[in-house]
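S.K.: In our numbering, the protein residues as written are 165 to 743.
All residues carry an ideal CB built from backbone N, CA and C; glycine is no exception.
Bear in mind that the values here come from a model prediction, so they are computed numbers and not experimental data.
Got a structure for you, questions after.
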């Protein structure tokens, strides 16, 4: 039997080494599919470290790069926070702030081009970014600055940090602050601008977690600061350490300011994780007052959950990695949207992390709980979506998707308001690619940011550097995909791309040639769609190779590789010819 390493060498590295231009294009060669038509990839850029296939340094002098957060800016552009590694020999990243051109771009071709960037002269990473406004009201507010938050290494300790920068790219910060204790390792995962009852700016709230060095216990970290980064003296304890479970495994990954239905501020909402037992982790939602205490009034005790706390879990592990406010068509905050992963409720492969969506009302009651069963596909970001009339029409989740071997694709998973699957966009690569954040753009499209190792698959040996990347999709098409005639959906064997009546190595080679070498296209697209994703992309031959040679690979989905049958999945792929 041919070893899988040999297969990867001859079909993967050999193919892309012979045609280096395909290395750059292969992330975009993804066929979108679903119940509705998915948005089209407009442009994808490397934000850090890639000027051509053999160069990994840009004007910032960066090596490894990763985007952790993205926000829209009033000029139609984007502000991105992450990290960049200035010195590969040190193997220590530095916080990084990247501004993408908006309406002020010099030419139409400068779409997604860098306007300016700032490398923070400290070891660490920026994990969250916020545009800072003077007022809450979008009609009257003015952009004043940008603030980032994350962690830095301060001597021998790990501290949370925040810094504020002007809107024109001046690398000198208006202020920089660190937050931590000598006895702890502290990291900030999220920052949110705060407004008072009058809608005026009122500082920031930060959350993350701290690790007690002596006990190794994890505690939720909550910090309230003023507009200059100083600790807010109105809190009796600041920073706060919050313990939920008795096992010292409490973390928070995201924070948002919460509001009443009339728009008055009423505290904060946190998303994270806690431990039910020493080995069983649950997704955690917290409702806090404006002073950072559990809000037992807004969220009364319910269904075994204490007041102010909501836990979601099963026999394995769940986590909430992001939270957003839920709005109605009138722009009123009516609930909370949580995105994360579930290992307990994955119907396809129990134990694998699946995209997890939970929606609560303002009282903490569950409105929606949805698990989309996929193989190792945690969600890192969630966003409520709106149509052209600004009416809420669902949700989009972003993260990473594993298709059967040690490799990941980015994904954007679109659901309607009831949690029903609509479509999925994926960026296929030869290595690990991760989406850390996603936002809907004003035209109804989406911007997704994260990191990619796929671009460094050929040119450099391990350890490979990663690159920060940005992908722009949209706008989302409105008409549904047309129904296909029955004559275009013949019975087939899943994985038999060359319609030879069996599944073998030749099928993977046939698909690769069709995707990247100008070879013939499959007469039965459904058969070539080995993983039944509804797309024809690199993941399909990789899935076939995993099934044939890895030993632990998944069986191709129904109708399977042996007996012919119809496609049970609704997608735009067809099967017009099959013996």
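Taking the Cβ atom as the reference point for each residue, do residue 413 and residue 440 lie within a distance shorter than 7 Å?
M.R.: no
S.K.: Do the segment 259–277 and the segment 383–396 touch if we need at least three Cβ pairs shorter than 8 Å?
M.R.: no
S.K.: Can you give the Cα-Cα distance for residue 549 and residue 665, rounded to whole angstroms?
M.R.: Going by the C-alpha atoms only, they are around 44 Å apart.
S.K.: For residue 170, I'd like the list of residues in its chain whose CB is within less than 7 Å of its CB, leaving aside the five on either flank, ordered along the chain.
M.R.: Caution applies to residue 170, whose pLDDT of 32 falls short of 50 and renders its modelled position unreliable; the value that the coordinates give is listed next. Excluding residues within five positions, none has a Cβ falling inside 7 Å.
S.K.: Exposed or buried, which one is residue 380 when buried takes at least 16 other CB atoms within 10 Å?
M.R.: exposed
S.K.: Would you check if the segment 501–516 and the segment 529–541 touch, i.e. whether three or more CB-CB distances between them fall below 8 Å?
M.R.: yes
S.K.: Taking the alpha-carbon of residue 543 as reference, which of 499, 426 and 417 has the nearest alpha-carbon?
M.R.: 417
S.K.: Are residue 480 and residue 399 touching if we call contact CB-CB under 7 Å?
M.R.: Remark: C-beta atoms of residue 480 and residue 399 do not approach each other more closely than 7 Å.
S.K.: DSSP three-state label for residue 673, please.
M.R.: In the three-state reduction of the DSSP assignment, residue 673 falls in the helix class.
S.K.: Judging by CA-CA distance, which residue of 599, 559, 565 and 563 is the nearest neighbour of residue 584?
M.R.: 559
S.K.: Thinking just about the alpha-carbon of each residue, which of 458, 331, 719 and 279 is nearest to the one in residue 404?
M.R.: Comparing Cα-Cα distances from residue 404 to each of 458, 331, 719 and 279, the minimum goes to 458.
S.K.: When you compare only the Cα positions, how much space is there between residue 408 and residue 300?
M.R.: 32 Å
S.K.: Reducing DSSP to helix, strand and coil, say where residue 737 ends up.
M.R.: coil
S.K.: Between the C-alpha atoms of residue 515 and residue 668, what's the straight-line distance to the nearest angstrom?
M.R.: 29 Å
S.K.: Within the same chain, show all residues whose beta-carbon is closer than 8 Å to that of residue 342, passing over the 5 residues directly before and after it, in chain order.
M.R.: 316, 318, 323, 324 and 325
S.K.: How is the beta strand (DSSP E) around residue 317 delimited, first residue to last?
M.R.: 307–318
S.K.: Using a 10 Å radius around the Cβ and a threshold of 16 neighbouring Cβ atoms, would you call residue 195 buried or exposed?
M.R.: Unreliable placement is indicated for residue 195, whose pLDDT of 36 sits below 50; no coordinate value is reported for it.
S.K.: Taking the straight line between their C-alpha atoms, what separation do you get for residue 726 and residue 658?
M.R.: 8 Å
S.K.: Taking all protein chains shown into account, decide if residue 281 is buried (16 or more other Cβ within 10 angstroms of its Cβ) or exposed.
M.R.: buried
S.K.: Between which residues of its own chain and residue 431 is the CB-CB distance below 6 Å, once the five residues before and five after are set aside?
M.R.: Cβ neighbours of residue 431 beyond the five flanking positions: 422, 452, 453, 454 and 459.
S.K.: Nearest to residue 601 by alpha carbon, out of 692, 377 and 244?
M.R.: Considering only alpha carbons, the answer is 244.
S.K.: Going by C-alpha to C-alpha distance, which of 277, 274 and 321 sits closest to residue 287?
M.R.: 321
S.K.: Could you tell me the alpha carbon to alpha carbon distance between residue 273 and residue 293, rounded to whole angstroms?
M.R.: 26 Å
S.K.: Relative to the C-alpha of residue 352, which residue among 371, 419 and 358 is closest?
M.R.: 371
S.K.: Where residue 670 and residue 347 are concerned, what is the direct C-alpha to C-alpha distance, given to the nearest angstrom?
M.R.: 59 Å
S.K.: Residue 479 by DSSP, collapsed to three states: which one?
M.R.: coil
S.K.: Have a look at 256, 366 and 539 and flag the residue whose alpha-carbon is nearest the alpha-carbon of residue 397.
M.R.: When each option's Cα is compared against that of residue 397, the closest is 366.
S.K.: Which one or two residues does DSSP pair with residue 542 in a beta bridge?
M.R.: DSSP output for residue 542 lists no bridge partner at all.
S.K.: Can you tell me whether residue 257 is buried or exposed? The criterion is at least 16 other CB atoms within 10 Å of its CB, across all chains shown.
M.R.: buried
S.K.: Just to confirm, is the Cβ distance from residue 639 to residue 661 under 7 Å?
M.R.: no
S.K.: Pull up the distance between the alpha-carbon of residue 187 and that of residue 330, whole angstroms please.
M.R.: Unreliable positioning characterises residue 187 in this predicted model, as indicated by a pLDDT of 33, which lies under 50. The coordinate reading is nonetheless provided below. Between residue 187 and residue 330, the C-alpha separation is close to 37 Å.
S.K.: Please list the segments of the beta strand (DSSP E) lying wholly inside the segment 224–249, counting only runs of 3 or more residues, in order along the chain.
M.R.: 229–236 and 242–248
S.K.: Counting only runs of 3+ residues fully inside the segment 447–481, write out the beta strand (DSSP E) ranges in chain order.
M.R.: 473–476
S.K.: What is the residue span of the beta strand (DSSP E) that residue 712 lies within?
M.R.: In this chain, residue 712 is not harboured by any beta strand (DSSP E), its DSSP state being neither H nor E.
S.K.: How about residue 525 and residue 499: do their beta carbons lie closer than 7 Å?
M.R.: yes
S.K.: Under the three-state reduction of DSSP, which class applies to residue 525: helix, strand or coil?
M.R.: strand
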